[in-house]
Each structure stands twice: as C-alpha cells, then as structure tokens.
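Chemist: Protein chains in written order, with this note's numbering: chain Z, 1 to 261; chain U, 1001 to 1261.
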DNA sequence: TAGTGGTCTAGACCACACA
DNA sequence: GTGTGGTCTAGACCACTAC
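Right, here's the structure in full:
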C-alpha cells in the first residue's frame, strides 16, 4: 500500500518539505521560473545541501499545486545550469561542487566591473576605414568596403590591462567616443537593440611587440594573452570582430564549464 | 477563415513540407530526439537554409503525427544548440551563421586527434606523492595526503606542443603508463566509469622558464599559454586537477559560445 | 517489487509581433 | 485581427535502479 501519511518512515531525504515556496499565479513571471529561482536560492543559501534528494516529481508537483511538466521544467533548467543531477530510478540530487558561472559571452568591461575593478577606457581610434581581408571575411562584407574600427586601451587602478581592437559593420550604429569611454562595447550594442547570440573565439598567447609593450607598460617580449572573437547577432549576422591583447600579468580568462551530454 | 488547402498563397516559408521525416515508434530512440536529429541533418545538408522558417508547431505536429510538446522538445534542443531561433509572433528560423562546436570540456588529446594531428604522449612521471597545499585544496583532500601526480609531454609530428601536469585522487584508479601514452586522460577516466560533469578553468599566459623552454623546444622567455583546470564528476567530487602549459606558437584554444539568455 | 525519472498525449489560454 | 511561440494542465505508459 501507499505510505501516505506514514510519518514513521522519517525519510531523511527531502529538506524540501520545510521550505516555504511561494508561487504567485498573478505574476507575469512563469511558474516554472519562479520555482527554479526559489530552488536555486535554497541551494545557494544552503537550505538544500549538496547530495540532498529533492523528492520525487509527482509528490512535489502535488504539494506545490503544479502539474508535473511544470515542475520538471523548473528542475530541468537547474540541471542545465549544473546545479542538479537527475538519475533515473534514484532521484534528483543537489550537485556537490559549487558551480557558479558557466562560460558567458561577456565583455571585458563587465568582467572587470563585476570584479570590482572600476575599469576605465581610453579610446585611441574610432573611425571608418576600408576593410582589410581578414576583417572583411570575419564580418561577411566585401574587402575594401567601409567598416568601423575601434581601438581602445582599458585600465584598472590606473594601470593598463588590455588593448582592444574591434571592427563593426558600418550600418550598425555610430558609437560616440564619450559613451565608449564610460561603458563596454557589448552594453552599447545591447542598448542599440542588437542581441548577441553566439561567438567564435580563439585564445592564444604571444610576445609583445615594442608598440604593444609601450602601450601596456610591459617590457618588449613580455608574454601577452590574445583573444580573437567574432560575435553574431540572433539572425546569425556578424555584429563584431575583435582582436584583443591582455597583459598576462594582470588578466586571465576564468570560467566554469559543463560537460556536454 | 482558415486557409487550409489554399495553394494560391504559395507560402515560400517552409521547405520542411518536402522533407521526408521518418519516425520509428518501435525504436528505443525518443521521438523528439529522432526529429531533432533529422532536423539537424536537414540544416547541415542545406535542405533547411539559414533564414528559413520552420512553419508553426501545431501544423508540424499534426503532419508528423506527434503532439505539440514533443515537437517543441525537439525544436528546443536545437535552439539550445544554437541552430534555431524562436521569435514569438514570428516563427522559428534557421540561424544564419554556422554554429559548430559549443565549448566542450575536451581533452587536449581529443582536440588534437580531431584535428588529425596524431598526438603522441610521453609520460615523464606517474607516481604517488603527498599533496601540496594548492593540490589538496583543489582536490578536496587533506594537505600531505597521498595523491597521484602525472607529468606528460604531448607532441604532434614529433614536435612538443604541451607539458601537462595532473593530480588525481589516489583511490580513483591506477593509470598504466602504457595506456596513458596511447590515449588521453579523460578517455581513461571515462573508461573507468567516471563521468565528468563540470570544470573550473583559468587560461592565462606567461614567459617560459628555462626548464619549460628546454622541454618544449622553445627559447627561454618565449610566450606560453597556460591552463589550470579542476574537473568534477557528476557527484561534484573533484576528479582531476591540472596545470598545463602550451607552446603558444603551436596551440590556441578555439571554441564557439552561445550567449546565456 | 516498488519507486524514480523519461517520454508522450491532447487539449487549453495567454502574450507578443506584424499587417 | 491573426498567427506565432510561451506556458500550463492532468493524465498515461515505459525504462531503469535498488531492494
């Protein structure tokens, strides 16, 4: 028989029972999303400890007054984030390790700002030029056609961190030098209604040329971290092509990955 | 009125109509997965060109004899892969740009092998040692407790590419030096039943020390690409901690990203 | 044998985009 | 308006795991 109401079993598995989930059906926020957020914060705050079982989806949905697919959608979004693991026949558990950031297509400006570094930007160049071969190929325009070139020096605490060279299709928008100095390029693109969708990146290293060394306050020959990136908007159109060099002594790429399944 | 059967409209949007979808309900492969694969290969082969609309989900499910949620699940999986874009009120479209690889937690060995480079590995060290502080912290074991240390030199075409230093919990498995020389570490872990789940990575650069230069056939002071990684299994337990250095002249990290939504 | 997640169905209503 | 995807429901049966 079903053991409904049988407290003697004293299941240790589900601290979820004590959690006060509050779902607001009048809110425009989807129910599965409300649930996912509350589960995530419960994990974040330790109310759901690593290894804890969530309890089966049927009971959970009954208790929350939601249908099972809705509950599954919430759980699935956290599985995708790497916070939960499902095992058929076993249950859904909180992952042990701390997963924080999946790799994001983030701008250097945002990275530094998030790290509390108070980045500053100096625009060295902002003009329209004929596209060189590599730029034309990356942006999908004809060689020699006009593109915007942007050269910026980024610093934190008064010390240079990176030299950024970016190319943009000419019709996208005109970027005010002032605005470029007060925020990041990606934020400007987003504000202009361009939603980035994907990007192709290459990260490498090389020795600094004399010019780069001078710009970045390094010695000639110092190791630099390099990144080339082409970013595409959600129609698949190239929105930006950039070649960046970072002082290896002051910057590194740091991120979390989930294994493809 | 509905325009069912009205051919005069000559909708140009859905080349999907001509596609021969074959769903096998007796197969153990889920229906949504069968559909997703066939859609993906249609995109791959150009039967569905970039910008093409898929046609609405209701009609599609009716035509395929599937329910709408099942069709949505198939479409969603391709959206997650970055092949399709959905727009409410508009439809589902094939993305223009070629999206190939999302960033994977791949091993260097696999990377090189995929690139047809025929990698070789020389094991320099494979023994048990007391864990140093950083290693102990990364693997979540006590400082001074026994761990496996692995030092390998990887080459392609007879030229060194990278020096790999890895640490593993001692109870995981014993790695035969022979097997290590014939395949990648991650493949061995997988074969031992360890499924990797996530990893934390830092990619940076620095100048080569004299020893590194000698090992990698570079000049002292040459720019090297560095990577530190801690990989976790699906219970969140650290499975591997590694510090790798790559010859910048022969290797770079190359990958595709999707923007988080 | 019992319990779990994995898959699937056949509907419903809503929010948003575009003409 | 009309059509699209976004969300949600209330069931069903299956496959796998553990006991």
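No residue lacks a Cβ here, since even glycine has one placed at the ideal position from N, Cα and C.
When burial is assigned at 16 or more other CB atoms within 10 Å of the CB, is residue 135 (chain Z) buried or exposed?
Modeler: With 16 or more other Cβ atoms within 10 Å, it is buried.
Chemist: Answer yes or no: do residue 1205 (chain U) and residue 1223 (chain U) have a C-beta to C-beta separation smaller than 8 Å?
Modeler: In this structure, residue 1223 (chain U) lies closer than 8 Å to residue 1205 (chain U) by Cβ.
Chemist: Please say whether residue 166 (chain Z) and residue 240 (chain Z) have beta carbons closer to each other than 8 Å?
Modeler: Yes, Cβ-Cβ distance for residue 240 (chain Z) and residue 166 (chain Z) is below 8 Å.
Chemist: Less than 8 Å between the beta carbons of residue 1245 (chain U) and residue 1230 (chain U), yes or no?
Modeler: No; because the gap between Cβ atoms is not below 8 Å, this pair is not in contact.
Chemist: Taking only three categories from DSSP, how would you classify residue 234 (chain Z)?
Modeler: Residue state, collapsed to three classes: coil.
Chemist: Using the DSSP secondary-structure output, state which residues sit across from residue 1146 (chain U) in a beta bridge.
Modeler: In the DSSP output, where bridge partners are listed per residue, residue 1146 (chain U) has U:1130.
Chemist: Please report the straight-line C-alpha distance between residue 1009 (chain U) and residue 76 (chain Z), rounded to a whole angstrom.
Modeler: Caution applies to residue 1009 (chain U), whose pLDDT of 37 falls short of 50 and renders its modelled position unreliable; the model cannot decide the point.
Chemist: Can you say whether residue 45 (chain Z) is buried or exposed, counting buried as having 16 or more other CB atoms within 10 angstroms of its CB?
Modeler: Burial call: exposed.
Chemist: Which whole-angstrom value describes the C-beta separation of residue 119 (chain Z) and residue 152 (chain Z), a residue pair presumed to lie in contact below a C-beta threshold of 8 Å?
Modeler: Contact flag wrong, Cβ pair sits at about 11 Å.
Chemist: I'd like to know whether the C-beta of residue 1250 (chain U) is nearer than 8 Å to at least one C-beta of chain Z.
Modeler: By this cut-off, residue 1250 (chain U) is not an interface position.
Chemist: Between residue 1188 (chain U) and chain Z, is any beta-carbon pair separated by less than 8 Å?
Modeler: No, residue 1188 (chain U) lies away from the interface with chain Z (no Cβ there is under 8 Å from its Cβ).
Chemist: Would a C-beta distance cut-off of 8 Å place residue 178 (chain Z) and residue 201 (chain Z) closer than the cut-off?
Modeler: No, these two residues do not count as a Cβ contact at 8 Å.
Chemist: Using CA atoms only, rank isn't needed, just tell me which of U:1209, U:1220 and U:1238 is closest to residue 1194 (chain U).
Modeler: The shortest C-alpha separation from residue 1194 (chain U) is found at U:1238.
Chemist: From the DSSP output, in three-state form, read off residue 218 (chain Z) for me.
Modeler: Looking at residue 218 (chain Z) - three-state DSSP - the assignment turns out to be coil, as it is neither helix nor strand.
Chemist: May I ask which residues mark the beginning and end of the alpha helix (DSSP H) holding residue 71 (chain Z)?
Modeler: Run containing residue 71 (chain Z): 68–81, per the alpha helix (DSSP H) assignment.
Chemist: Would you report the Cα separation of residue 13 (chain Z) and residue 35 (chain Z), rounded to the nearest angstrom?
Modeler: Any reading at residue 13 (chain Z) must be qualified, since the residue scores a pLDDT of 47, below 50, and its modelled position is unreliable; the value itself is stated next. Answer to the nearest angstrom: the Cα atoms are 19 Å apart.
Chemist: Between residue 74 (chain Z) and residue 23 (chain Z), which are expected to be in contact by the criterion C-beta below 8 Å, what is the C-beta distance as a whole number of angstroms?
Modeler: Their Cβ separation, rounded to whole angstroms, is 10 Å, which puts residue 74 (chain Z) and residue 23 (chain Z) out of contact at 8 Å.
Chemist: Check this for me: beta carbons of residue 31 (chain Z) and residue 66 (chain Z), under 8 Å apart or not?
Modeler: Cβ distance < 8 Å, so residue 31 (chain Z) and residue 66 (chain Z) count as in contact.
Chemist: Using alpha carbons as the reference points, say which of U:1081, U:1247 and U:1259 lies closest to residue 1037 (chain U).
Modeler: Per the Cα distances, U:1081.
Chemist: Within a Cβ cutoff of 7 Å, which residues of the same chain sit near residue 1214 (chain U), ignoring the five residues on either side of it in sequence?
Modeler: So no residue of the chain qualifies.
Chemist: What number of angstroms, rounded off, separates the C-alpha of residue 147 (chain Z) from the C-alpha of residue 121 (chain Z)?
Modeler: Rounded to whole angstroms, residue 147 (chain Z) to residue 121 (chain Z) spans 21 Å at the Cα level.
Chemist: With 16 other CB atoms within 10 Å as the buried threshold, where does residue 1247 (chain U) fall?
Modeler: Looking at its Cβ environment, which holds 16 or more other Cβ atoms inside 10 Å, residue 1247 (chain U) is buried.
Chemist: Using three-state DSSP, classify residue 249 (chain Z) as helix, strand or coil.
Modeler: Residue 249 (chain Z): coil per DSSP, three-state reduction.
Chemist: Taking the alpha helix (DSSP H) that residue 182 (chain Z) belongs to, which residues open and close that run?
Modeler: From DSSP, the alpha helix (DSSP H) with residue 182 (chain Z) extends over 177–182.
Chemist: Measuring only the C-alpha atoms, how far is residue 209 (chain Z) from residue 85 (chain Z)?
Modeler: For residue 209 (chain Z) and residue 85 (chain Z), the distance between alpha carbons rounds to 48 Å.
Chemist: With 8 Å as the threshold, decide whether the Cβ of residue 1096 (chain U) is near any Cβ in chain Z.
Modeler: Yes, because at least one Cβ of chain Z sits closer than 8 Å to the Cβ of residue 1096 (chain U).
Chemist: Across which residues does DSSP place residue 244 (chain Z) in a beta bridge pair?
Modeler: Residue 244 (chain Z) is bridged to Z:164 and Z:227.
Chemist: Given a cut-off of 8 Å, decide if residue 1242 (chain U) and residue 1180 (chain U) are closer than it, judged by their beta-carbon atoms.
Modeler: Not a contact, by the Cβ cut-off of 8 Å.
Chemist: Taking only beta-carbon positions, decide if residue 1194 (chain U) is within less than 8 Å of chain Z.
Modeler: So no, residue 1194 (chain U) is outside the interface.
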